[in-house]
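S.K.: Attaching a single structure in structure tokens format; questions to follow.
Number of protein chains: 4
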Amino acid sequence: MSSEEPRRRGRRRSEESRLSILNAAFDLVADGGQEFTIEGIAARAGVSKQTIYRWWPTKGDVLLESLAARADAQISTSDHGSYERDLVHFLNQTFKLLRPRGVRRALRSLMAEAQHNPDLLLRFREGFLERRRAALFQIVSRAEDRGDLPPTVRGELIGDIVFGVIWYRMLSTERLLGAADALVLADLLTSAGDADPSRVAAPVT
Amino acid sequence: MSSEEPRRRGRRRSEESRLSILNAAFDLVADGGQEFTIEGIAARAGVSKQTIYRWWPTKGDVLLESLAARADAQISTSDHGSYERDLVHFLNQTFKLLRPRGVRRALRSLMAEAQHNPDLLLRFREGFLERRRAALFQIVSRAEDRGDLPPTVRGELIGDIVFGVIWYRMLSTERLLGAADALVLADLLTSAGDADPSRVAAPVT
Amino acid sequence: MSSEEPRRRGRRRSEESRLSILNAAFDLVADGGQEFTIEGIAARAGVSKQTIYRWWPTKGDVLLESLAARADAQISTSDHGSYERDLVHFLNQTFKLLRPRGVRRALRSLMAEAQHNPDLLLRFREGFLERRRAALFQIVSRAEDRGDLPPTVRGELIGDIVFGVIWYRMLSTERLLGAADALVLADLLTSAGDADPSRVAAPVT
Amino acid sequence: MSSEEPRRRGRRRSEESRLSILNAAFDLVADGGQEFTIEGIAARAGVSKQTIYRWWPTKGDVLLESLAARADAQISTSDHGSYERDLVHFLNQTFKLLRPRGVRRALRSLMAEAQHNPDLLLRFREGFLERRRAALFQIVSRAEDRGDLPPTVRGELIGDIVFGVIWYRMLSTERLLGAADALVLADLLTSAGDADPSRVAAPVT
DNA sequence: TAATAAACGAGACGGTACGTCATGTCTTTTT
DNA sequence: AAAAAGACATGACGTACCGTCTCGTTTATTA
Chain Y
82 MSSEEPRRRG
92 RRRSEESRLS
102 ILNAAFDLVA
112 DGGQEFTIEG
122 IAARAGVSKQ
132 TIYRWWPTKG
142 DVLLESLAAR
152 ADAQISTSDH
162 GSYERDLVHF
172 LNQTFKLLRP
182 RGVRRALRSL
192 MAEAQHNPDL
202 LLRFREGFLE
212 RRRAALFQIV
222 SRAEDRGDLP
232 PTVRGELIGD
242 IVFGVIWYRM
252 LSTERLLGAA
262 DALVLADLLT
272 SAGDADPSRV
282 AAPVT
Chain X
82 MSSEEPRRRG
92 RRRSEESRLS
102 ILNAAFDLVA
112 DGGQEFTIEG
122 IAARAGVSKQ
132 TIYRWWPTKG
142 DVLLESLAAR
152 ADAQISTSDH
162 GSYERDLVHF
172 LNQTFKLLRP
182 RGVRRALRSL
192 MAEAQHNPDL
202 LLRFREGFLE
212 RRRAALFQIV
222 SRAEDRGDLP
232 PTVRGELIGD
242 IVFGVIWYRM
252 LSTERLLGAA
262 DALVLADLLT
272 SAGDADPSRV
282 AAPVT
Chain R
82 MSSEEPRRRG
92 RRRSEESRLS
102 ILNAAFDLVA
112 DGGQEFTIEG
122 IAARAGVSKQ
132 TIYRWWPTKG
142 DVLLESLAAR
152 ADAQISTSDH
162 GSYERDLVHF
172 LNQTFKLLRP
182 RGVRRALRSL
192 MAEAQHNPDL
202 LLRFREGFLE
212 RRRAALFQIV
222 SRAEDRGDLP
232 PTVRGELIGD
242 IVFGVIWYRM
252 LSTERLLGAA
262 DALVLADLLT
272 SAGDADPSRV
282 AAPVT
Chain C
82 MSSEEPRRRG
92 RRRSEESRLS
102 ILNAAFDLVA
112 DGGQEFTIEG
122 IAARAGVSKQ
132 TIYRWWPTKG
142 DVLLESLAAR
152 ADAQISTSDH
162 GSYERDLVHF
172 LNQTFKLLRP
182 RGVRRALRSL
192 MAEAQHNPDL
202 LLRFREGFLE
212 RRRAALFQIV
222 SRAEDRGDLP
232 PTVRGELIGD
242 IVFGVIWYRM
252 LSTERLLGAA
262 DALVLADLLT
272 SAGDADPSRV
282 AAPVT
């Protein structure tokens, strides 16, 4: 166990500062007032700017660290017996995470930051987007093992559709995704795509 | 009828300035050097800042006007005989529009701008996103008229999937969408989706 | 007689505009709010900027024209029998003209404008300052004719002292000059200054 | 005793920046090219605008600080045996200080600035004008002690006349004051003024 | 009575400087 | 060391005026 890095010299990094920075960053962006700036974070966290710069390359990275933890903690990929039921469960968990306005604002802000900083985009992808995809693919490969996976919609496209719809909605409107959307999406992804025109879809808003 | 605005008094707006501002804005953001600023646009267009502020509320709106024109001009929704063929054609045209790096950069930048300015987001939605959706829905309603539209994927979800995939890809990676993706997507959207015909889709919110 | 400029073609200069510009300029500067700008004058006078630029080179000149008229109208140099009485009368008239805060503000503003525009300073000197001096020198030369003029204080120095004190007070404080000051100043300028002619001037550096 | 400010925390004010700002301001205004602007000062001093705004409320205050130092350093009020000799000495020193065109330009510019900013005028008065008057009054009170002071010209009027003539000349013309003017002025101020000793001077406000 | 011409209001234009804000770096003192 | 405090150079922001330049309209003089 122990061993743990050879115990560096000097004062140790303040866990208190770290946490108050992460919280300040999230709170500021969640509140929606536009003062999401390094100076604003420092002021709200009661911390010097230098302390932020010492540990994170950009304010986007602060946000990223803050959000990645939340997502990992709140979305499971447990087995519910069938591909479709797993999917519905996954989607509902995800939609629930996105219910608070502040969370959506934070994610939108992070995605926006990443657009004019390629390095941050990379870290965002690896530290967040790909982890969400990996979670989804646990479900997919379990379905594959079960022989549950339909032939039409496979591979990366599944992730592109699921997260595509989620992000597109989040970025372009304030309209939330809900349980009904989870059912329709799961249905689409599990249907074999082989012709029984007798079914009638429900009317869409 | 006529109507003909009553011919206002003073000097008229300079069409030359207007165009050079739109082009300068697009060029700057397309070049990727991060100097996409009002001052940069003004300098490159040979125009005073005030002239920009007089006609557009934010630099995002300049970009929006510049991009909306391009998209309208380059994507048609012509009839190719079947829903699937129409879709493939639409998707390929769209993917082609997005081929140049500069166009993608401009769209990503605009989407990013819109994230911290709700008013701009509104204008972006109405002036761009909804117009793209409307184009797609011409194809959809033609399919409906033909009796070509499968029961599973209908209504707003079609747009959410199509544009969701496109935007998600564009915002999170540099990987282009191509002809193969067009076929798979079109196939998905046209398949009846009835592996388990007993299921009934729940109503969508 | 007549002669009268050969009567140019076209519309004649609008006396109404001219007056409302002069008044607007004076009022703005007298009110003390800092909006003493060409645009402000135009707006308040209900006139276009071009009309101001057509007839005056700078806003200082507008003010100059406005003030010169007032001074000429209100200060006479009538004969009151002695040099000293003429002086006292002249000073009191001048102090009275300067009593309204707005007049002082306008003069101060004009003097200030003239400091960073040599051409305007020239016009200010000729159109205002020298005219005030000339008025004073009517009194002085009348005294000379009478044999009333003391030997000590003569020539330009008289003007420098009188207007020096007036302007210095006006520019550096809000303290008004009054009747008592007129008496002391007149006394100083009329005293022979010959109590002890044996005095020797000190060596000059 | 000591008192010694408790040694504040962060980085200390840069004396180098302070001095180059003061010099840049003076040089710019002395050169007469009209680019006496905050941006110009910053550029010439190799300093950011923010650093100027941090320490001085207006560019006039920069100039004031620059000029006050010079005047304090160059004008003494040493004892030359008599009131008149002291005065002549004081005047000649002052005239000498004003000999360089740049110094006059700077003072005129400062006086002009102060005219549309009452707060600056206050600081100008206390930080400059009143200090010059105080210097002069050292001479006057020494004369009083000696019994040297003539009855006619006393109190504030002395300062008003001396500085009135100086400023009026400086603001309204380019004609320099010289040794001859010093003699005449000193003579005027030291003459007993008793052509008609029966008259009594009125008290000055 | 038509043509010509100057002056007018309105208002857009290219500019310059303003004063403010946020960035990322650096320096000093404290823990 | 690491932290808080805070000064620094940089650079963009959005605003205010500057002086110039069209426009369409009005008023006068000349043909």
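Chains as they are written, first to last, in this note's numbering: chain Y, 82 to 286; chain X, 82 to 286; chain R, 82 to 286; chain C, 82 to 286.
The beta carbon of each residue, even a glycine, is placed where N, CA and C say it ideally should be.
Just so you know, these numbers come straight off a predicted model, no measurement behind them.
#1: So which residues on chain C does HIS161 of chain R lean against when the C-beta distance must stay under 8 Å?
#2: Compare the C-beta of LEU109 of chain R with all C-beta atoms of chain C and state if any pair is closer than 9 Å.
#3: Determine whether the Cβ of HIS170 of chain X lies closer than 9 Å to any Cβ atom of chain Y.
#4: Output needed for TRP248 of chain R: all residues of its chain with C-beta closer than 8 Å, excluding positions within five of it in sequence on either side, in chain order.
#5: Would ARG189 of chain X count as contacting chain Y if we go by Cβ distances under 9 Å?
#6: Quick check on DSSP: helix, strand or coil for PRO181 of chain Y?
#7: Is ILE247 of chain C close to chain R? Criterion is C-beta to C-beta, closer than 9 Å.
#8: For ALA123 of chain R, collect the residues of the same chain with a Cβ closer than 7 Å to its Cβ; drop the 5 residues on either side in sequence, then sort them by chain order.
#9: Going straight from the alpha carbon of ARG92 of chain C to that of ARG125 of chain C, what length do you get?
#10: Give the interface partners of THR233 of chain Y over in chain X, defined as CB-CB distance under 7 Å, in chain order.
#11: Can you pull the chain X residues whose beta carbon is under 7 Å from the beta carbon of GLY238 of chain Y, in chain order?
#12: Quick one: grab the DSSP three-state call for LEU230 of chain X.
#13: Assign VAL143 of chain C to one of three DSSP states: helix, strand, or coil.
#14: Given that ASP244 of chain R touches chain C, what residues does it touch there, using C-beta distances under 7 Å?
#15: Considering only C-alpha positions, which residue in the set X:GLN219, X:ILE239, X:LEU270 is nearest to SER159 of chain X?
#16: What is the residue span of the alpha helix (DSSP H) that GLN131 of chain R lies within?
#17: I need the boundaries of the alpha helix (DSSP H) containing THR271 of chain Y, first residue and last residue.
#18: In chain Y, which residues lie with their C-beta within 8 Å of the C-beta of GLN196 of chain X?
#19: To the nearest whole angstrom, what separates the beta carbons of GLY287 of chain X and GLU194 of chain X, a pair I think is in contact under 8 Å?
#20: Residues of chain C with a CB under 9 Å from the CB of ARG206 of chain R: which are they?
#21: When the cut-off is 9 Å and only beta carbons count, does GLN219 of chain C lie next to chain R?
#22: Which residues in the same chain as SER272 of chain C place their Cβ atom closer than 7 Å to its Cβ, once the five residues preceding and following it in sequence are excluded?
#23: Between which two residues does the alpha helix (DSSP H) carrying SER101 of chain C extend?
#24: Determine the burial state of GLU255 of chain Y: buried for a count of at least 16 other Cβ atoms within 10 Å of its Cβ, exposed for fewer.
#25: Considering Cα atoms alone, identify which of C:PHE176, C:ALA150, C:THR175 is closest to LEU100 of chain C.
#26: Tell me which residues of the region 114-138 of chain R have at least one Cβ-Cβ distance to chain C shorter than 9 Å, keeping chain order.
#27: Rounded to a whole number of angstroms, what is the C-alpha to C-alpha distance between SER98 of chain C and GLY127 of chain C?
#28: With distances taken between CB atoms, is the gap from PHE244 of chain Y to LEU188 of chain Y smaller than 9 Å?
#29: Say whether chain R places a C-beta atom closer than 9 Å to the C-beta of ASP200 of chain C.
#30: For VAL265 of chain Y, which of Y:GLU146, Y:VAL221, Y:LEU168 has the nearest alpha-carbon?
#31: Whole angstroms is fine: what's the gap from ARG280 of chain Y's alpha carbon to THR233 of chain X's?
#32: Given this structure, state the Cα-to-Cα distance separating ASP277 of chain X from SER222 of chain X, to the nearest angstrom.
#33: Grab the span of the alpha helix (DSSP H) containing GLU116 of chain X for me, first residue to last.
#34: Assign THR254 of chain C to one of three DSSP states: helix, strand, or coil.
M.R.: Reading it off the structure:
#1: Taking the first residue of the third sequence as 1, we reach residue 161 of chain R at position 80. Chain order gives no chain C residues near HIS161 of chain R, where near means a beta carbon separation below 8 Å; the closest approach is about 16 Å.
#2: The count along the third sequence starts at 1 and reaches residue 109 of chain R at position 28. No - not a single Cβ of chain C is within 9 Å of the one on LEU109 of chain R.
#3: Taking the first residue of the second sequence as 1, we reach residue 170 of chain X at position 89. With 9 Å as the cut-off, HIS170 of chain X does not count as an interface residue toward chain Y.
#4: Within the third sequence, the letter at position 167 stands for residue 248 of chain R. Result list for TRP248 of chain R: MET192, in chain order.
#5: For the purposes of this step, residue 189 of chain X is taken as residue 108 along the second sequence, with counting starting at 1. For ARG189 of chain X, the answer is yes, since a Cβ of chain Y falls inside 9 Å of its Cβ.
#6: Mapped onto the first sequence, residue 181 of chain Y falls at position 100. Annotated three-state conformation of PRO181 of chain Y is coil, per DSSP.
#7: Against the fourth sequence, residue 247 of chain C aligns to sequence position 166. True, the Cβ-Cβ gap to chain R drops below 9 Å.
#8: In the third sequence, the residue the question calls residue 123 of chain R occupies position 42. Answer for ALA123 of chain R: SER129, LYS130, ILE133, listed in chain order.
#9: Along the fourth sequence, one-based indexing puts residue 92 of chain C at 11. Along the fourth sequence, one-based indexing puts residue 125 of chain C at 44. Each residue's alpha carbon lies about 24 Å from the other.
#10: Reading the first sequence from its first residue, position 152 is the one you call residue 233 of chain Y. What THR233 of chain Y touches in chain X: ASP268, LEU269, SER272.
#11: By one-based count along the first sequence, residue 238 of chain Y stands at place 157. It should be noted that the sequence gives Leu, not Gly, for residue 238 of chain Y. For a Cβ distance threshold of 7 Å, residue set VAL265 of chain X lies close to LEU238 of chain Y, ordered along the chain.
#12: Residue mapping note: residue 230 of chain X aligns to position 149 of the second sequence, counting from 1. Coil, per DSSP.
#13: As a working note, residue 143 of chain C is residue 62 in the fourth sequence. Looking at VAL143 of chain C - three-state DSSP - the assignment turns out to be helix.
#14: For this step, residue 244 of chain R is matched to residue 163 along the third sequence. Note on identity: in this sequence residue 244 of chain R is Phe, with Asp being the wrong assignment. TYR249, listed in chain order.
#15: Your numbering for residue 159 of chain X matches position 78 in the second sequence. Here the closest residue by C-alpha is X:GLN219.
#16: Residue mapping note: residue 131 of chain R aligns to position 50 of the third sequence, counting from 1. Annotation for GLN131 of chain R: the continuous alpha helix (DSSP H) segment containing it runs 130-136.
#17: Along the first sequence, one-based indexing puts residue 271 of chain Y at 190. If you look at THR271 of chain Y, you'll find it in the alpha helix (DSSP H) that goes 260-271.
#18: Here residue 196 of chain X refers to the residue found at position 115 when the second sequence is read from its first residue. Contact of GLN196 of chain X with chain Y by beta-carbon distance below 8 Å involves ARG189, SER190, MET192, ALA193, LEU252.
#19: Because residue 287 of chain X is not part of the residues shown, which for chain X are 82 to 286, the question remains open.
#20: Here residue 206 of chain R corresponds to residue number 125 of the third sequence, with the count starting at 1. Those within 9 Å of ARG206 of chain R in chain C are SER253, THR254.
#21: Taking the fourth sequence and counting its residues from 1, the one referred to as residue 219 of chain C is at position 138. No, GLN219 of chain C does not count as interfacial toward chain R.
#22: Numbered from 1 along the fourth sequence, position 191 holds the residue referred to as residue 272 of chain C. A distance below 7 Å between beta-carbons, with the five flanking residues on each side excluded, links SER272 of chain C to the following residues of its chain, in chain order: PRO231.
#23: Indexing the fourth sequence from 1 puts residue 101 of chain C at position 20. 96-112 is the extent of the alpha helix (DSSP H) around SER101 of chain C.
#24: As a first step, residue 255 of chain Y is located in the first sequence; it is residue number 174 there, counting from the start. For GLU255 of chain Y, the number of other beta carbons within 10 angstroms of its own is below 16, and it is reported as exposed.
#25: Here the question's residue 100 of chain C lines up with position 19 in the fourth sequence. Checking every option, the nearest Cα to that of LEU100 of chain C belongs to C:ALA150.
#26: So the list reads GLN115, PHE117, given in the order they occur along the chain.
#27: Sequence index remark: in the fourth sequence, residue 98 of chain C carries index 17 (1-based). Sequence index remark: in the fourth sequence, residue 127 of chain C carries index 46 (1-based). Rounded to the nearest angstrom, the two C-alpha atoms are 8 Å apart.
#28: As a working note, residue 244 of chain Y is residue 163 in the first sequence. As a working note, residue 188 of chain Y is residue 107 in the first sequence. Not in contact: PHE244 of chain Y and LEU188 of chain Y (Cβ atoms no closer than 9 Å).
#29: Locating residue 200 of chain C in the fourth sequence gives position 119, counting from the first residue. At a cut-off of 9 Å between beta-carbon atoms, ASP200 of chain C makes no contact with chain R.
#30: Counting from 1 along the first sequence, the entry for residue 265 of chain Y is found at position 184. Looking only at Y:GLU146, Y:VAL221, Y:LEU168, the smallest Cα-Cα distance to VAL265 of chain Y is reached by Y:LEU168.
#31: Position 199 of the first sequence, counted from the first residue, corresponds to residue 280 of chain Y. Position 152 of the second sequence, counted from the first residue, corresponds to residue 233 of chain X. For ARG280 of chain Y, the pLDDT reaches just 35, beneath the cut-off of 50, and the residue's location in the model is therefore unreliable, leaving the point undetermined.
#32: Start at 1 with the first residue of the second sequence, and residue 277 of chain X comes out as number 196. Start at 1 with the first residue of the second sequence, and residue 222 of chain X comes out as number 141. Its pLDDT being 41, under 50, ASP277 of chain X is placed unreliably in this model, and the coordinates cannot settle the point.
#33: In the second sequence, residue 116 of chain X corresponds to position 35, counting from 1. No alpha helix (DSSP H) holds GLU116 of chain X; DSSP gives it neither H nor E.
#34: Start at 1 with the first residue of the fourth sequence, and residue 254 of chain C comes out as number 173. Of the three classes helix, strand and coil, the one that applies to THR254 of chain C here is coil, per DSSP.
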